[in-house]
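The UniProt record's numbering numbers the first residue of the sequence shown as 1 and each following residue consecutively.
Glycine included, C-beta positions come from ideal geometry on N, C-alpha and C.
The structure under discussion appears below in the form of structure tokens.
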Amino acid sequence: MKTGIVIVSVFMLTMFSVSAYIAMTVALTKEDFISEFEKSVSSAGYEIPENIDTDQIANAFIVTSVVFSILYLLSGIGLLLRRNWGRNVAIIVSAFHLMYGLISLGMISISLPNLAIGAGLLFYLTRPQIKSEFEKTISIEERILGKEFE
């Protein structure tokens, strides 16, 4: 297995840990999260409209973190097992990093790392040499004895 695939897999599994930790922390301290969210919005000079439920924002944040945790875990394990579905999930996660980087262009410290991660992962995972690592290969036994051998 190529070292780059292992590095990408470790990155995905690390991001799984971070994302799962964030989801659990926000779920366990939801009131504090909502309070800090409201403070940061008001300190930026904005006001939360009355029809916006901050509890729903916290729940959406938790659900999003859980979904990304699952995607990171699947891609990390799939890459380690050299499964094409793992590579495909990693490509989807990379596309999300790119989209988030583009959406957050106003905040360079958030935008640039996400753009770099997304572009780098997409470039690496779509290279022909890497793609071929995830294709099924026929073992020597199957070549010699045929597909019936098990």
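Worksheet item: So, do the segment 20-30 and the segment 77-94 have three or more beta carbon pairs nearer to each other than 8 Å?
Response: no
Fill in: Option in PHE33, LYS131, ILE117, LYS136 with minimal Cα separation from PHE61
PHE33
Item to complete: Please go through the same chain and pick out, in chain order, the residues whose beta-carbon is closer than 6 Å to the beta-carbon of ILE121, but skip the five residues on each side of it.
Response: The sequence as given places Leu at residue 121; Ile does not occur at that position. Around LEU121: SER94.
Discussion item. Could you tell me the alpha carbon to alpha carbon distance between ARG123 and ASN51, rounded to whole angstroms?
Written reply: The sequence given here places Phe at residue 123; Arg does not occur at that position. Each residue's Cα considered, the two are about 43 Å apart.
Item to complete: Would you grab the beta carbon distance between PHE134 and ASN84 for me? Rounded to a whole angstrom, and I think it's under 8 Å.
Response: 4 Å
Fill in: Under 9 Å between C-beta atoms of GLY118 and GLY101
yes
Worksheet item: Nearest to PHE16 by CA position, among LEU28, ILE7, SER65, is which residue?
Response: SER65
Worksheet entry | Member of SER19, GLN129, THR29, SER40 whose CA lies at the smallest distance from the CA of ALA87 | First, the amino acid is wrong: residue 87 is Arg here, not Ala. Nearest option by C-alpha distance: GLN129.
Item to complete: Within its chain, find whatever has a CB closer than 8 Å to the CB of GLY4; leave out the 5 residues flanking it on each side and keep chain order.
Response: TYR124, ILE130
Discussion item. I need the straight-line Cα distance from PRO113 to LEU98, nearest angstrom please.
Written reply: 9 Å
Worksheet item: Is the beta carbon of LEU13 sitting closer than 9 Å to the one on LEU71?
Response: no
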